[in-house]
Amino acid sequence: MSRIGVFVCHCGLNIAKTVRVSELAQFASTLPDVVVAKDYKFMCSTPGQEMIAHDIKQHRLDRIIVTACSPLMHEQTFRKVLAASGLNQYLLTIVNIREQVSWVTHDIEEGTAKAKALLNGAVYRSRLLAPLTSRVIDVNDDVMVVGGGIAGIQASLELANTGKKVYLVEKNSTIGGHMAQFDKTFPTLDCSACILTPKMDAVLQHKNITLMTYCEVSEVKGFIGNFDVTIRQKARYVDHSKCNGCLACTEKCPGKGLSEWDEGLVNRKAIHIPFPQAVPQKPVIDRDACTFFKKGKCRLCEKVCEHKAIDFDQQDTFTTVKVGAVIVATGYDLMDTKPLIQYGYGKYPGVYNALEIERLFNSTGPTGGKVTLRDGREPKAIAILHCIGSRDKNHYEHCSRVCCMYSLKFAHLFKEKTSADVYQFYIDMRAAGKGYEEFYNRIIEEDVKFIRGKGARVSKSAEEPDRLIVEAEDTITGKFVQLPVDMVVLSPAMIPRSDTESIKRLFNLSTDKYGFFMERHPKLAPLSTMSEGIFIAGVCQSPKDIPDTVAQANGAAAEALTIVEKDKLELEATTAMVNPASCCGCQNCVRVCPYGAPAFNETKRVSEINEALCKGCGLCASVCPSAAIIARHFTNDQVLAEMEGLMEF
Amino acid sequence: MLKKTTIDKLPDLAAHLMEQGTLLAPVQEAAGFNFQVIADAKQVDLNFHNTVLSPKAAFFPQMEDFVRYQTGKSILEAVPVELNLKPTFLFGVRPCDVKSFTIMDIHFSGTGLVDPYWQKRRQAATIFGYAFDLDQPAQAEEFYKTLGIGAADPDGSDVFMIRKGGDLLLKGVTLKGEKLLTQLSLLTAASADEEKYFEDYIIRGRDFKTRFTFLADKNIAKKLEDIFHDSDFWMKVSGACLSCGVCTFVCPNCYCFDICDETLFSQGIRRRVWDACMFTDFTLEASGHNPRTQVFQKLRQKIKHKYSYHVRKYGVISCVGCGRCTKHCPVNIDIFSIVEEAMKA
Amino acid sequence: MASSFKQIEDKLKTEAKKLLKTGQVSVVLAYGKGYDDNHPMPYIAKLPSDADNIVFNEYCTHNLARYLVRYPKGTKIAVAVKAADSRAVIQLIQEEKVKREDLILLGLPAYGMKNSKTGEIIDSQTTCGLYNPVLYDTLLGEEVHGQPVVSPYDVLAQYEAMDKDARFEFWKKEFDKCIRCYACRKACPMCYCDPCFIDQNNPRWGEKSPQSHGNLMYHLTRFHHLAGRCIDCGECSRACPVDIPLYLFHKKVAKECEEMFGQASGMRIDDKPVLVNFRVDDSDKILE
Amino acid sequence: MSSNNPYIPMPVEISNITNEVDTNDIKTFRLTFLNKEDEKKFKYLPGQFAELSIYGKGEAPIGIASSPTEKGYVEFTVQRAGTIVPGLVTAALHNMETGGKIGLRGPLGHPWPIEFLEKKNIVIVGGGFAFTTLRSLINYMLHPDNRSRFGRITVIYGARTPGLLLYKDELAAWGKREDIKTIITVDKGDETWTGREGFVPAVCKEVAPSPYNKVAVICGPPIMIKFTLPVFFDLGFYKENILTSLEMRMKCGIGKCGRCNVGYKYVCSDGPVFSLAELEELPRDF
Amino acid sequence: MSFEPKILGIACNWCTYTGADLAGTTRLQYPQNLRVVRVMCSSRINPSFIFRAFQLGADGVLVGGCHPGDCHYNTGNLYARRRLAVTKKILEFSGIEPERFRVEWISASEGNRYAEVVTEFTEQVKQLGPQTKFKISR
Ligand SMILES: Cc1cc2nc3c(=O)[nH]c(=O)nc-3n(C[C@H](O)[C@H](O)[C@H](O)COP(=O)(O)OP(=O)(O)OC[C@H]3O[C@@H](n4cnc5c(N)ncnc54)[C@H](O)[C@@H]3O)c2cc1C
Ligand SMILES: Cc1cc2nc3c(=O)[nH]c(=O)nc-3n(C[C@H](O)[C@H](O)[C@H](O)COP(=O)(O)OP(=O)(O)OC[C@H]3O[C@@H](n4cnc5c(N)ncnc54)[C@H](O)[C@@H]3O)c2cc1C
Ligand code: SF4
Ligand code: SF4
Ligand code: SF4
Ligand code: SF4
Ligand code: SF4
Ligand code: SF4
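In structure tokens:
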């Protein structure tokens, strides 16, 4: 009842050598519904394709089976032939008798027999194929970037420069991310602020960028090309449209809170900007530190503000924007090292984590760039302990990639700023990056001491109470080392943000076992995610340094651009759909779909699949007990029929 | 003429019948007694009250092949499956079940087009009816008495059998039955006393006590018709019903079927299989429209079909009161209590 | 000391009447009189006066959770639950078929339940073996203590020990008996699909004719559908007119699921059904 | 057994296929018998139906669209059923080409009561694609041998759009005849439509045939029937003189398989043709 | 002639099917008893497919998917792992030799592993002999 055409390819001798191709065509012609069956030297060649096109017309074929190489090879080629001949391209079936038959046997009997079985399966399946059409949707031009670290900044600028409108959403009251905390950056040792602040400014000034600081994404609806993202603007208690950034308020404010920027090493005011170069240069009130919010009295800032910008009644507000693509660049946290009690962080004042040290070096930092211990002493001996929590089976197995390098940077800066002896406790040195090995060699020459052995324990020195003892096994000498120092620097693992779970849920991303966002393919699609139209860049994907981060940001911008550049998008045609007459409302499909495509319709009591989100994996169809889901192109009856055909002979 | 043999000789009797054709008789299975094609004469066992499944499958098997075909080949090559039946002996059928055959006859071969399968199977069969034991009280769910069927009613049987202690008395009811009995040399003639016992037994069987005794069938039909639209009533009585098919599959009088094409590797068989008004797809149309989706509609159909529609159409209730539906209902729904309630409604 | 059936029945009546009178619920799912004492029926009380018809005795084996899915969302229902029934309710809550807040669970501790068909005490090995409901709002009787606690899976040993050919023959014989009346799936509180996969004709998953292969397809697939969901009430086996011991297979699958995924069905409301769930560290060993 | 076996279909060949509507889902199949005896035995009247049979797919009951006055073939107008999951038989049939061989069982059911219609004026009301057995009736009555047996014939036929009208050529031909009055209406016309617009019940009211010696024969979608019946009732037609045809899922077509009952009537063997009077006796719910 | 089993394979498009192609491109030789159905993801496999395969006369069934964690659809094979494990237990308890059903994770780059698995599985199924338990006999 179908009119099937079977076209058997010799592929020169590639197939013909171990499959009797003419016998195969002859066999095909005996199968029910097969109207023509032919064999030809090279089906994919122009004459081959023309033959198929011609036969479609002449024999009014409505199903085509090409018995040739792998579908991964030429499915597209032959689909085009069908399309050009006015047949729906999904009515094509490819039987793989090269990669999976002729090339894997020398026995022509075996090869021919298997080819017949495969072909028969294809005929069974082919009869049940249905034409499919892909849906075309409009695409929104704008892009959202979430996270205003160097990754987000770079991606935003890149996109904005191409003329696209960008919404940059930053959770803090300033953009800049971790990079803004550093003094110098390896390996070039250029001043972090010098390279970053111009970019931050550019963001603020750019006419195509809507900067949304102190904001969080609260809801994401829609799909590629058509996301509706709702953003929560957290209450700042300062009306930024009135504030002109004079910062008079910050001077008078009596409220005190720990400075996040300075890693809690010092206090800042309740009304504050995080650091002098912050963008935007407008303060927010930290509710928890504010005297008025705590005690109900104060309002000093309100009094001093000439522009009447202070607004204690401000509430969180929500806005929804429409974008075509999203770049997630939410960066990282450092692992909390307090639970690793062997290192005494939080217990001994002389133990610091890496970001605190960054602030100590920084001239805008708590010490104005002077390296002193908490009690004001200058350290005489400093130990830098690598791989704290990283490369550690008990914590994070991954390598944080930048620690070796910033530890070297620290060593250099210590040497520059103090006269202390600097010791590196490392497992091995990882300096793979442009100019990194050279940087390493340079530091070696700076008389830094390297002890190959992971720092095992930090304890208080019995002899000198304000000194610390670092214990380690030197794996080169095999000796147990006990080194008295004044300062210990921990290089903790870089780990995913604490709110990763919620971001993951919002954007329907997946994470690897540590919690870093997973790319669609580690090599071929490292910036895309399984959620179409959503890209990732920077450390939220995996630990990396600034050059890599920036490169990724540019890449993600380009990826996003390929979507929003288009007016229309064609969606996958082989998606799943629910037959409402059979759906029992069990919601299994809703529970399992990796893309959140199915949703339960409470009124109709059945599930429905959003085809724009569906990737056609077919998982839902197999968990649907009442077989209500039609996984297009791989429907239950198609698969069962193919199996029947394969097993017949 | 009344004949007799002893229960000990049952295997011999069975063996005789097996020589002449196919013997179907009750056999003890794990779940209870059921009719089986006898392969070993010793299997035949008359120590049963009634079989789990009704003997209707003897004439209306759960699966009846119509045609063998090959997909991809022309319809001209399809081959109807011929019934080549040997004479069949249906041995030990209780009077209520025998009655069911005569009721089903009206449907399958008595009106409209004749169902050739039913008819042929019926024609090939000789039925050995078997009286209930009047000294054993009826089981709680049985009510055939109400429907005018005696516990020892020979109507519809070809041969009727009554057990007397260790003896089995057999009487030819039809010419076919009579002839058969004369051929069976192992039977002996019964005495006059036994003859009297036999006749009395049949009369005594009419008064055999079952649960319900007060209804006249005509009223049932009318009454059910009256309350058809009283969905509250039907909802109430069907509250527990699961709409499974047990009650219909075990019923000797349920005859609904489906016709299915079952194909494997392009070889196929068109066959009929039992179906039930309780099943989802029974009335589902291609458009998705289904006139009967709710449990109460299905149960109402079942009950009204038996006690009302069937009476309107064929003049007789499509139930013989065997009680199987009630006995096997997983939630103990008692069809006759519903009828009783309907009469009160 | 366990409460007598009569005591529980009285409490059930009182409680049902109270709930209906105060309007806390619009439906009480309990048991009512059947055609004799040994054959009580599931009963749906909607008026306070209906509560007088409620009975509870050792034959009230039916799993009333089966009926919950018939009511529209939001209907306030009180349901009488024995041990396994309460597990069914939990499982239904997990599957979002019913909402906890719409239900009032009247717990029935019960020991010595009997099968209506046979009149015999139900072997607790054929069910989940618990006597007290896992979840309830009010317990209408003393908890059952001191009765032998059987593992629900003990009964399997004999079948697991069988040689595989013998086991195949065992099941073949059993499944061949099946007349495809579907009482098993209809009695099952977790088989709420309408239509069931086996009812469909495009594709037809298993032949409609009651032959070995169609029967096998129906049953094996059903066992899979109930993997990690079957709460071991034994209703399917009791409903089966030809006495196929379906519970054995269900128990085996339940046991395997519990071992592989570390979770028994219907025990905790916050669990997710095991087959629509996974752990990244599920072991590949389970495939061996 | 097979020759008298009502379950075994007769082989027929598809000799012609007409695509009736612009949505391509209704086609008329002309079938010719492969065995001459079968053709002789297949005696039918308008209103009857038959089971079309495709081995491997199943059977579907379809009303006979041709008239017994057309010799040598029978015609069926079939809609491809099922919206999401295609109907097994009808989809397969739609995939067939001329020369294809299928099975046919019938004729089945009761025809329109021809003798009763004789000497009467007849109003035929059809909606959508349920016009098939009405077409059979019209062609039967219009046949020169038969025309004189019947009084005036009025046909009111409606469809949703002009593209969905069946038998367009015949409609045009009837429109030109003197001995039949044809009123065609569509719910919504298109650019090319010059005919009437409006729903069938409204048109019936407008045309308002007098009930005297008249019979109304009505077939259409349930919604149309629902609103048309009262119109005729109000016009004064006797319930006995309003005829319609029912549909229910069926399998055997001969009153054995037990699924197509409406009350105690089986649609297949007692119907599908019923008068309004008969229908009112049957329960409205199934 | 020695027993040549019929083995049904179901392979996911992204890993195992591609891996099988790689086995071909590298001209690895393996027995020809396996006939592969291509699906997009191993999670597409309905348990009934497996039961059906045995009913259709498969002497063995081999399912191939991406390694857990590498699923093209993120988590598909993690569900599949559980579902197929249950399928296997059901087969086993119903009396079919569990060795007739195998699930293997084979990535797109593991052409050699594909060839090995097929060779080994074919050999194993050969040892087991014809599968008659589920096979529909007509
Ligand atoms: C101690 C230390 C020293 C280093 N030194 C160097 C160096 O010298 N040279 C070098 O190349 N690399 C260095 N690195 C690495 C460098 O920090 C990273 O490569 C770089 O900062 C990554 O940038 P990012 O934008 O991905 O992340 P981040 O800098 O972490 O920025 C992420 C931004 O996203 C925002 N955000 C987070 N969550 C949300 C949310 N839910 N919604 C909105 N916004 C959100 C954050 O507030 C932040 O502004 C160092 C790292 C450490 C730990
Ligand atoms: C008396 C009568 C006359 C009909 N006349 C026509 C006609 O002239 N033209 C036309 O296109 N359709 C007609 N129909 C409807 C037609 O029978 C269904 O569309 C058809 O059976 C669908 O079959 P399927 O195999 O394609 O669908 P499936 O969904 O695969 O149906 C499976 C089976 O269900 C039964 N079934 C499903 N729907 C119906 C239904 N609506 N009525 C009866 N049985 C059904 C059939 O036995 C069918 O084989 C008529 C129905 C009846 C009862
Ligand atoms: S899994 Fe199937 S039955 Fe369940 S909700 Fe989804 S579509 Fe419906
Ligand atoms: S096919 Fe896969 S992606 Fe599509 S709805 Fe189903 S589970 Fe989701
Ligand atoms: S009455 Fe009983 S046996 Fe019959 S369908 Fe209802 S629950 Fe099943
Ligand atoms: S309806 Fe019940 S009692 Fe009556 S014959 Fe059928 S099974 Fe027996
Ligand atoms: S067997 Fe499966 S599909 Fe059928 S009702 Fe039970 S769970 Fe649903
Ligand atoms: S209840 Fe028993 S006979 Fe009926 S379908 Fe289930 S297993 Fe088969």
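Line by line, the protein sequences are chains L, P, Z, V and E. For reference, each letter of the first sequence is one residue, going 1 to 649 in my numbering. For reference, each letter of the second sequence is one residue, going 1001 to 1345 in my numbering. For reference, each letter of the third sequence is one residue, going 2001 to 2288 in my numbering. For reference, each letter of the fourth sequence is one residue, going 3001 to 3286 in my numbering. For reference, each letter of the fifth sequence is one residue, going 4001 to 4138 in my numbering. Every residue gets a Cβ at the ideal spot worked out from N, C-alpha and C, and that includes glycine.
Ends of the beta strand (DSSP E) at residue i?
i	result
L/D138	136-138
V/N3121	3121-3127
P/K1164	1159-1164
Determine whether the Cβ of residue i lies closer than 8 Å to any Cβ atom of chain Z.
i	result
P/N1332	yes
E/V4117	no
E/Y4114	no
DSSP on residue i, reduced to helix/strand/coil?
i	result
V/E3191	coil
P/L1175	helix
L/T30	coil
V/M3001	Note that V/M3001 scores 46 on pLDDT, short of 50, meaning its location in the model is unreliable; the coordinates nonetheless yield the value given after this. In this structure, V/M3001 counts as coil in the three-state DSSP scheme.
L/Y343	helix
V/T3182	strand
Looking at residue i and ligand 8, is the gap between the Cβ and the nearest heavy atom below 7 Å?
i	result
Z/C2178	yes
Who are the near neighbours of residue i in its chain, counting only those whose CB is closer than 6 Å to its CB and skipping five residues on each side?
i	result
L/V6	A28, V34, A37, I65
P/E1225	S1308
P/T1088	G1021, T1022, A1124, A1125
V/G3056	none
Z/C2181	none
Using a Cβ-Cβ cut-off of 8 Å, state whether residue i counts as contacting chain P.
i	result
V/G3099	no
Z/M2217	no
Any heavy atom of ligand 7 closer than 7 Å to the Cβ of residue i?
i	result
Z/I2198	yes
L/P625	yes
Z/C2257	no
Z/R2070	no
For residue i, I'd like the list of residues in its chain whose CB is within less than 7 Å of its CB, leaving aside the five on either flank, ordered along the chain.
i	result
P/L1085	K1120, R1121, A1124
P/E1341	V1237
Hey, quick one: how far does the alpha helix (DSSP H) through residue i stretch, first residue to last?
i	result
L/T93	Counting along the chain, L/T93 falls outside any alpha helix (DSSP H), though it belongs to the beta strand (DSSP E) covering 92-96.
Does the distance between the C-beta of residue i and the nearest non-hydrogen atom of ligand 2 fall short of 7 Å?
i	result
L/A556	no
Compare the C-beta of residue i against all C-beta atoms of chain E and say whether one is closer than 8 Å.
i	result
L/H106	yes
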